[in-house]
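Contents: one structure, followed by commentary.
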Amino acid sequence: MKAPPRLQSLIDEGLIDTVVRQLMSGKEAMVFVVRHGEQTLCAKIYKEATHRSFRQAVDYTENRRTKNSRTGRAMAKGSKFGRQEQEAAWQNAEVDALYRLAAAGVRVPQPYNFHDGVLLMELVTDAHGDAAPRLNDVSFTPEQALQHHSALIAEVVRMLCAGVVHGDLSEFNILLAHGAVEGTAEGVDFPVIIDLPQAVDAAGNHHAQRMLLRDVANLRNFFGQFAPALLATEYGAEIWGLYQSGMLGNETPLTGRYERSHANVDMQAVLREIDDARDEYAARRLRMATAAG
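If you count by full-length UniProt numbering, then the sequence shown holds residues 1 to 293, one letter each, in order.
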């Protein structure tokens, strides 16, 4: 196919050879399958993220700093230059998170390059070599649901131990890949986490706890459709409690149970959680309607 203008510059630079096809188009980005030598990769072209609300942007970008004071002032004022720099920082956050998490052993697409607002990374594939499906497009047996839920909880823990909270984890941004896994003779299905521009620093963002609890609740609710026993688990609170106490590691055994404190309830936090749940539900319905169309 003819290369879109944003990808033509990568061809001119020799970073890719050809554009095979468009893989998907969403509000935040368009993704294309591209070739570079013998490699088949995907190229994520970021759009201007005007759909994000101001509150969401503030929550996700809290404690993200720029080294250039002029840029920082422009971003704070919301000038045209500041908005451009803010969008660049949003895109760079995903690139940084991908490299950081890949180095920590988290199952994310391997990043290769970031050039002119385009992220080149591994194409995650299924057993046939085609682009891997999202979890929301797949049905599972109870055993498969338990297996993939357990694997993703381990990935959430590994991310948190690396200092990162995804911030928007759900069945819509997890792919079901197929490939060789250490300790198995044949290829198996396993989840791969994608879409990380909203990833937050676990220690530096005051909203990190709320976001992690929401991420884990999304996993529980999705897989709980296939394995109802998961609906009674509280892995999010357990994981965050261990993290706060300095007792969380990649191999820390989890039970899915959590004994809550009887301290006074923070009603503002409860109401905020209700608002977030309502927003998440509305966004999910919109994504489902878009996918169905």
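From the three backbone atoms N, C-alpha and C, an ideal C-beta is built for every residue, glycine too.
Span of the alpha helix (DSSP H) holding residue i?
i, result
"residue 154", "142-161"
"residue 235", "235-244"
"residue 9", "5-12"
"residue 217", "208-223"
Buried or exposed: where does residue i fall if 16 or more other Cβ atoms within 10 Å of its Cβ makes it buried?
i, result
"residue 159", "buried"
"residue 271", "exposed"
"residue 275", "exposed"
"residue 313", "This structure cannot settle anything about residue 313, because the visible part of the chain is limited to 1 through 293."
"residue 2", "exposed"
"residue 44", "buried"
"residue 205", "buried"
"residue 211", "buried"
"residue 249", "exposed"
"residue 182", "exposed"
"residue 208", "buried"
"residue 137", "exposed"
Going by the CB atoms, is the gap between residue j and residue i shorter than 9 Å?
i, j, result
"residue 149", "residue 230", "yes"
"residue 216", "residue 153", "yes"
"residue 97", "residue 199", "yes"
"residue 169", "residue 156", "yes"
"residue 192", "residue 124", "yes"
"residue 28", "residue 115", "no"
"residue 11", "residue 41", "no"
Can you name the start and end residues of the beta strand (DSSP E) that residue i belongs to?
i, result
"residue 188", "188-193"
"residue 31", "29-36"
"residue 248", "Unbroken run through residue 248: none, as it is neither H nor E."
"residue 18", "18-25"
Can you give the Cα-Cα distance for residue i and residue j, rounded to whole angstroms?
i, j, result
"residue 93", "residue 103", "15 Å"
"residue 126", "residue 268", "44 Å"
"residue 238", "residue 258", "5 Å"
"residue 221", "residue 288", "16 Å"
"residue 33", "residue 130", "10 Å"
"residue 4", "residue 252", "47 Å"
"residue 279", "residue 35", "38 Å"
"residue 224", "residue 241", "23 Å"
"residue 133", "residue 107", "15 Å"
"residue 349", "residue 171", "This structure gives no information on residue 349, because the portion of the chain shown stretches from 1 to 293."
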